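In the order they appear, the protein sequences are chains H and F. For the first sequence, the numbering used here gives the first residue as 1, with consecutive numbering after it. For the second sequence, the numbering used here gives the first residue as 1001, with consecutive numbering after it. Just so it is clear, CB atoms sit at the ideal spot from N, CA and C, and this is done for glycine as well. Please read these numbers as outputs of a predicted model, since none were measured by experiment. Here is the structure we will look at.
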Amino acid sequence: GENVEQHPSTLSVQEGDSAVIKCTYSDSASNYFPWYKQELGKRPQLIIDIRSNVGEKKDQRIAVTLNKTAKHFSLHITETQPEDSAVYFCAADLRGSNYKLTFGKGTLLTVNP
Amino acid sequence: SAVISQKPSRDICQRGTSLTIQCQVDSQVTMMFWYRQQPGQSLTLIATANQGSEATYESGFVIDKFPISRPNLTFSTLTVSNMSPEDSSIYLCSVLGGGFRTDTQYFGPGTRLTVL
Chain H
1 GENVEQHPST LSVQEGDSAV IKCTYSDSAS NYFPWYKQEL GKRPQLIIDI
51 RSNVGEKKDQ RIAVTLNKTA KHFSLHITET QPEDSAVYFC AADLRGSNYK
101 LTFGKGTLLT VNP
Chain F
1001 SAVISQKPSR DICQRGTSLT IQCQVDSQVT MMFWYRQQPG QSLTLIATAN
1051 QGSEATYESG FVIDKFPISR PNLTFSTLTV SNMSPEDSSI YLCSVLGGGF
1101 RTDTQYFGPG TRLTVL
């Protein structure tokens, strides 16, 4: 089945620095790649997503890049702030379903003031 | 914007018993899903809740253990049957469509289940 690997598992940065989280996926049929942010005790919240017909998407301080040939996609957060501290999950749609998601194991991002 | 709620928000249960979790949306949605998130772990899709028909289960999950109902476009239930401590997890429903974007999933607040 679909496998999504996410690295690193933990990431600590200084406020104002950039953070990059990388994911690879195995199913070449996947064409939808969302990123979720989960604060402690809260539900996962969608922060950005990208589809396979696009190589990059940006929303203020957050950007996602996709390399479909290499089957990897990355989340970039610039000018990090303490409130960016959370667990971030990447995901890919199962078997190109566009909606059934397989999640990576998550990255605990800590932004130090 | 549309609201997703789950009941109960948390519960502590004895092994061998069953618990039914409810997911309610305040608008009609296209699709509903159930996920499990074990402590400190990622999310795993259990099944797609189909309106008016049997749920579609992912590998490793079976109807006898996790029966699901979806009687209409705004409501679904997940039952965790014959529970064991290994079932201790957060169970989340998610939805597509309705008052949300139709092309991505939004999650309910989750039900934290502890099995003793």
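By the beta-carbon neighbour count (other beta carbons within 10 angstroms, threshold 16), F/Leu1116 is exposed. Taking the beta carbon of H/Asp17 as reference, no residue of chain F falls within 8 angstroms; the closest one sits roughly 25 angstroms away. With respect to F/Gly1110, F/Gln1006 sits close: the two C-beta atoms are nearer than 8 angstroms. Contact residues of the region 23-44 of chain H toward chain F are Pro34, Arg43 and Pro44 (C-beta to C-beta distance below 7 angstroms). H/Val54 and H/Leu11 have their C-alpha atoms roughly 27 angstroms apart.
For F/Ile1021, the uninterrupted beta strand (DSSP E) run begins and ends at Leu1019 to Val1025, by DSSP. For F/Pro1008, no Cβ of chain H is located within less than 8 angstroms of the residue's own Cβ.
Within the region 18-105 of chain H, the complete beta strand (DSSP E) runs of at least 3 residues fall at 19-25, 32-38, 45-51, 56-59, 62-67, 72-77, 86-93 and 101-103. Closest in C-alpha terms to H/Leu94, from the list F/Leu1045, F/Val1003, F/Ser1027 and F/Arg1010, comes F/Leu1045. The Cβ neighbour count for H/Lys100, taken over all protein chains shown within 10 Å, is at least 16; the residue is labelled buried. With respect to the 8 angstroms criterion, F/Asn1050 and F/Arg1036 are not classified as neighbours on the basis of their beta carbons.
Residue range Leu1043 to Ala1049 is occupied by the beta strand (DSSP E) that includes F/Ala1047.
Chain-ordered, the chain H residues with CB closer than 7 angstroms to the CB of F/Ser1042 read Phe89, Phe103, Gly104, Lys105 and Gly106. Cβ proximity to chain H below 9 angstroms picks out Ser1094, Leu1096, Arg1101, Asp1103, Thr1104 and Gln1105 from the region 1094-1105 of chain F. Separation of F/Leu1092 and H/Pro113 (C-alpha to C-alpha, rounded to the nearest whole angstrom) is 32 angstroms. Not one beta carbon of chain F lies nearer than 8 angstroms to the beta carbon of H/Leu11. At the C-beta level, F/Ser1076 and F/Met1032 come within 8 angstroms of one another. Here H/Asp17 is exposed. Its C-beta has fewer than 16 other C-beta atoms within 10 Å. Contact between the region 67-78 of chain H and the region 1081-1090 of chain F is absent: fewer than three C-beta pairs spanning the two stretches fall below 8 angstroms. Distances from the CA of F/Gly1052 to each of F/Leu1043, F/Thr1074, F/Lys1065 and F/Ile1090 were compared; the closest alpha carbon is that of F/Thr1074.
Membership of F/Pro1071 in the beta strand (DSSP E) is indicated by the continuous run Ile1068 to Asn1072.
Comparing alpha carbon positions, the residue from F/Arg1015, F/Gln1014, F/Leu1043 and F/Ala1002 closest to F/Val1029 is F/Ala1002.
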